[in-house]
Amino acid sequence: MKRLSISLALLFVIGLTGCQSSEYHDIGDVHRDVSAASSEAQLWFDRGLAMTYGFNHEEAIICFDRALAISPDCAMAHWGRAYALGPNYNAPILTDDASHQAFESMQRAVATSRSASPVEQALIQALQARYSWPAPADRSELDRRFADEMRKVHARFPDDAGVCAATAEALMQLRPWKLWSPEGKPAPELAEIRRVLEGGLKRWPDHPALCHLYIHAMEAGPEVALAVPAARRLEPLTPGLGHLVHMPSHIYVWTGQYDDVIRVNLKACEVDDAYVQERGKNNFYTAYRIHNYHFVAYGAMWEGRRELALRFAKAIPGEIDPELLSAFPEV
Numbered sequence: 099m100k101r102l103s104i105s106l107a108l109l110f111v112i113g114l115t116g117c118q119s120s121e122y123h124d125i126g127d128v129h130r131d132v133s134a135a136s137s138e139a140q141l142w143f144d145r146g147l148a149m150t151y152g153f154n155h156e157e158a159i160i161c162f163d164r165a166l167a168i169s170p171d172c173a174m175a176h177w178g179r180a181y182a183l184g185p186n187y188n189a190p191i192l193t194d195d196a197s198h199q200a201f202e203s204m205q206r207a208v209a210t211s212r213s214a215s216p217v218e219q220a221l222i223q224a225l226q227a228r229y230s231w232p233a234p235a236d237r238s239e240l241d242r243r244f245a246d247e248m249r250k251v252h253a254r255f256p257d258d259a260g261v262c263a264a265t266a267e268a269l270m271q272l273r274p275w276k277l278w279s280p281e282g283k284p285a286p287e288l289a290e291i292r293r294v295l296e297g298g299l300k301r302w303p304d305h306p307a308l309c310h311l312y313i314h315a316m317e318a319g320p321e322v323a324l325a326v327p328a329a330r331r332l333e334p335l336t337p338g339l340g341h342l343v344h345m346p347s348h349i350y351v352w353t354g355q356y357d358d359v360i361r362v363n364l365k366a367c368e369v370d371d372a373y374v375q376e377r378g379k380n381n382f383y384t385a386y387r388i389h390n391y392h393f394v395a396y397g398a399m400w401e402g403r404r405e406l407a408l409r410f411a412k413a414i415p416g417e418i419d420p421e422l423l424s425a426f427p428e429v
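Position one of the sequence shown corresponds to residue 99 (my numbering), numbered consecutively onward.
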């Protein structure tokens, strides 16, 4: 799936003009101390990190840009921007524009990393393996190199929850949405992914990225019920991030908890309505918002709630900007 380019220049403008309020979407306790950041830049870095955890990468870029406008020498804000521009589990293919901007942001992270902490320098060094310019037509080798580098960072810094999550995500990116065969057989990478995530969840059971990724790692396999605790824990962690509010239903739908499917997705729709008021509908995140509608309708069908199912199914076309369909019909 193509990464949506509301042009990234436009994202920068929005980031400087549309995010001035001290009020923001509730990201819960997501925080990572970063070097060379003022208190306000730190706040925007944390928001960007939370948005990355919630797969709202466009909003993450806006937040990292805001942090950099305040503290331009914050290496980790450059790192975050480069990371958010890269491939992810739902969008593994990059446009040339995204590849170029990611490469440039990665280079800026390197250039400003002299005063960064050891773990920050390790994360920035690892990210260099993820991008090259000109970008290759097939980036699978870059993804493998990045996963290898993140393994090394995780080995050096086993007590860092963020490193644990980034390592798991890098490994999952080697086979997005193909961690299980249709017959329920695990992919070769899955054993390592589970070791990383399950080890991390034992230490940091309330880390939203670890819970999110574990749900994705387990949802298509025969042991899906093992992820129910992570789904339950994820529910209250980031009340203002609609996709993470929704994510527990990826487990509930497989375990027959249809009332919970409806409940969390109604809440996710409510949360994302606030996001639409701020950002509109012409963005890649619309695909995630519509996903909530799908789940409400599906859960309602299984519960025999015909009126609710039809209401949300019929509401979907009105939530999609025609310009979005024209530019990105796959969304």
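Don't be surprised by glycine CBs; every beta carbon is placed ideally from N, CA and C.
Practice task
Select from V294, K412, V359 and L308 the residue whose C-alpha is nearest the C-alpha of P256.
Solution key: V294
Handout entry: the stretch 166–181 contacting the stretch 366–378, beta-carbon criterion three pairs below 8 angstroms
Key = no
Handout entry: Beta-carbon proximity list for D304, same chain, < 7 angstroms, skipping 5 on both sides
Key = R331 and L335
Handout entry: Contact check, F190 vs P274, beta carbons under 7 angstroms
Key = Inspection of the sequence shows that residue 190 is occupied by Pro rather than by Phe. Cβ distance < 7 angstroms, so P190 and P274 count as in contact.
Problem - According to DSSP, residues forming a beta bridge with W430 - result: This structure does not reach residue 430, given that the chain is present from 99 up to 429, and the question cannot be answered.
Handout entry: Assigned exposure category for E156 - 16 Cβ within 10 Å defines buried
Key = buried
Exercise for the section: Compute the distance between the beta-carbons of A245 and L221, then report whether it is under 7 angstroms. Expected result: no
Handout entry: Helix, strand or coil at N363 according to DSSP, with G and I counted as helix
Key = helix
Handout entry: Exposure label - D144; buried when at least 16 CB within 10 Å
Key = buried
Practice task
Taking P346 and A329 to be in contact with their CB atoms under 8 angstroms, please state how far apart those CB atoms are, rounded to whole angstroms.
Solution key: 4 angstroms
Problem - DSSP-derived helix/strand/coil call for A209 - result: helix
Problem - Sequence ranges, beta strand (DSSP E) only - wholly within the stretch 291–324, length at least 3 - result: none
Handout entry: Cα-Cα separation, Q223 to V208
Key = 7 angstroms
Handout entry: Cβ-based neighbour list, A407, same chain, cut-off 7 angstroms, excluding 5 preceding and 5 following
Key = A395, A398 and M399
Exercise for the section: Verify the contact flag: V261, CB atom, against every heavy atom of the ligand ATP, threshold strictly below 6 angstroms. Expected result: In the structure shown, the ligand ATP is absent, as is every other ligand, since no ligand is present at all.
Exercise for the section: May I ask you to list the residues that DSSP assigns as paired with A454? Expected result: In the structure as shown, the chain starts at 99 and stops at 429, and residue 454 therefore has no counterpart that could be examined.
Practice task
Take the Cβ of Q375 as the centre, count every other Cβ of all protein chains shown within 10 Å, and call the residue buried at 16 or more, exposed below.
Solution key: exposed
Practice task
Would you check if the distance between the CB atom of L288 and the CB atom of L277 is smaller than 7 angstroms?
Solution key: yes
Practice task
Keeping to the same chain, check which residues put their C-beta closer than 7 angstroms to that of E138; ignore five residues upstream and five downstream.
Solution key: I168
Practice task
Find the nearest neighbour of G126 within the set E333, V326, R254 and M248, judged by alpha-carbon distance.
Solution key: E333
Problem - Buried/exposed call for I160, threshold 16 Cβ in 10 Å - result: buried
Exercise for the section: Using beta-carbon positions only, say whether A315 and V343 come within less than 7 angstroms of one another. Expected result: no
Practice task
Compute the distance between the beta-carbons of G282 and G340, then report whether it is under 7 angstroms.
Solution key: no
Exercise for the section: Verify whether the separation of the beta carbon atoms of L147 and R164 is less than 7 angstroms. Expected result: no
Handout entry: Continuous alpha helix (DSSP H) stretch holding Q355: start and end
Key = It is not in any alpha helix (DSSP H) - Q355 carries neither H nor E in the DSSP assignment.
Problem - Where W142 sits in the DSSP three-state scheme - result: helix
Problem - Whether M174 touches V217 by CB criterion (7 angstroms) - result: no
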